[in-house]
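Heads up: the sequence shown is residues 1 to 366, going by the UniProt record's numbering.
Note that the Cβ used here is the ideal one computed from N, Cα and C, for glycine as well.
As the structure is a computational prediction, the values presented were derived from the model and not from experiment.
Single-structure report; data block below.
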Amino acid sequence: MSKRKTPDPRIRSVALVTDAWAPQVNGVVTTMRNTSERIRRRGLDLTLVTPDQFRSIPCPGYKEIRLALKPYSKVARMLDEGQPDVIHIATEGPLGMAARRYCLKNNLPFATSFHTRFPEYIRLRAPIPVDWSYGFLRRFHAPARKTLVRTRTQKKELGERGFEHMKVWPGAVDTDLFKPRGKEALSLPRPISMFMGRVAVEKGIPDFLGLDLPGTKVVVGGGPDLDKLKETYPDTVFTGPKYGEELAGLLSAADVFVFPSRTDTFGLVMLEAMACGVPVAAFPVPGPQDVVINGSTGALDDDLEAAFHRALRLDPDACIEFALDNNWDRSTDRFLSQQTPIGSEDQAETSKDEAVNADLTASPRA
């Protein structure tokens, strides 16, 4: 099989820096893993900076998330040795901050991406004003040549909060893995309504499990709220974390995928469900509004129970057709086309004044 061409021939080497990596299971990790794999398939050199290469500690409340300790020196060494043509910082954690510092110190252009509504997540767990958290994130992304966002809705919302230089980088789905596999993986009373993802407060899972639905409710995944939800909803089937072929088989066996989150920026798992021929029921909020074609690939309604019943009647083939148009090769083309090669004519000058203005220690109200 011939290698897929790179949109910009000046890009021969790529550095990806991400605090989100295995053993985490979420859309950011899926995006970074698939993007990095397809960068390598193009024959490009890849410097991949991930938490498993550093001494780290677990993130409070999310033990599967590892936070690198004092990573700057090693990050700088990895980027020096890799000599990348482009540097992309995917997350705002310790590794992302170290790479950002390196780029500003060496006057190098870089791009970032905005994947997660951390301000809303944090607010669910601690009395920290959302505006403060967005202030930190705005300053983090400010020096980037471009910030890639998941949807047009997200671009609009962040623009209203003062974010600049944004480009839409839509999510994608691995259609070799996620495809119709029949319904045999689950021998349960039907219809089967399913949630798949991290079992945590920000996912709004009780909004799904509290519904009066026919058939069987199934939750696939692990997380900090798993034990509590098992106790509260004993009639629900909890499978725990699943991966790969087994995960795809379970998803394909569902009749409706219920996505109760109101905080996701994209919700990659919705595309994965559609690729399996499973329509989506969700609230009409950012994320689902950008992914689901209401009345075709899913149903959006403030009444999630009504959305479920409408989704149950939809044609699975429409879901599959939509998902096939959102594959990782196209997504990676879009990703590479939005990067700014180091030393290129269109490289923006990052002055010391800009670095000072982007100081992360400034007032959160700035």
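(1) Enumerated in chain order, which unbroken segments of the beta strand (DSSP E) with a length of 3 residues or greater are wholly contained in the segment 80 to 162?
(2) So does the segment 207 to 227 actually touch the segment 146 to 159, counting three or more Cβ pairs closer than 8 Å?
(3) Which value, in whole angstroms, describes the spacing of the CA atoms of V86 and R33?
(4) Ends of the beta strand (DSSP E) at D45?
(5) Going by C-alpha distance, which of D8, R42, S331 is nearest P170?
(6) Expressed to the nearest angstrom, what Euclidean distance is found between the alpha-carbon atoms of V173 and E272?
(7) Taking just the CA atoms, how far does K105 sit from F259?
(8) Roughly how many angstroms separate the alpha carbons of V28 and P71, rounded to a whole number?
(9) Hey, quick one: how far does the beta strand (DSSP E) through V220 stretch, first residue to last?
(10) Would you mind stating whether L304 and P191 have Cβ atoms separated by less than 8 Å?
(11) In angstroms, rounded to a whole number, what distance separates the CA positions of S337 and M97?
(12) Can you tell me which of P279, N294, F266, M270 puts its alpha carbon nearest to the alpha carbon of residue 391?
(13) Mind the definition here: the segment 134 to 146 touches the segment 54 to 63 only if three or more C-beta pairs lie below 8 Å; say whether that holds.
(14) Using the Cα positions of T216 and L229, report the straight-line distance between them to the nearest angstrom.
(15) Report the rounded CA-to-CA distance for S181 versus E245, giving the unit in angstroms.
(16) Check the C-beta distance from R101 over to W328 and give it rounded, since I have them as a contact under 8 Å.
(17) Could you tell me if K63 is buried or exposed, where buried requires 16 or more neighbouring beta carbons within 10 angstroms of its beta carbon?
(18) Specify, as a first and last residue, the run of the alpha helix (DSSP H) that residue 383 falls within.
(19) Which residues mark the beginning and the end of the beta strand (DSSP E) in which F257 is found?
(20) Assign K167 to one of three DSSP states: helix, strand, or coil.
(21) With a Cβ-Cβ cutoff of 8 Å, do L186 and A248 count as a contact?
(22) Which class does L250 belong to by DSSP, given the choice of helix, strand or coil?
For this structure:
(1) 86 to 89, 111 to 114, 146 to 149
(2) no
(3) 18 Å
(4) 45 to 49
(5) S331
(6) 6 Å
(7) 42 Å
(8) 21 Å
(9) 216 to 220
(10) no
(11) 24 Å
(12) It is not possible to answer for residue 391, since the shown part of the chain is limited to 1 through 366.
(13) no
(14) 15 Å
(15) In the sequence as presented, Ser is not what sits at residue 181; that position holds Arg. So the two alpha carbons sit approximately 10 Å from each other.
(16) Between W328 and R101 the Cβ distance is about 30 Å, and since that is not below 8 Å, they are no contact.
(17) exposed
(18) Residue 383 is absent from the model: the chain starts at 1 and stops at 366.
(19) 256 to 259
(20) strand
(21) no
(22) helix
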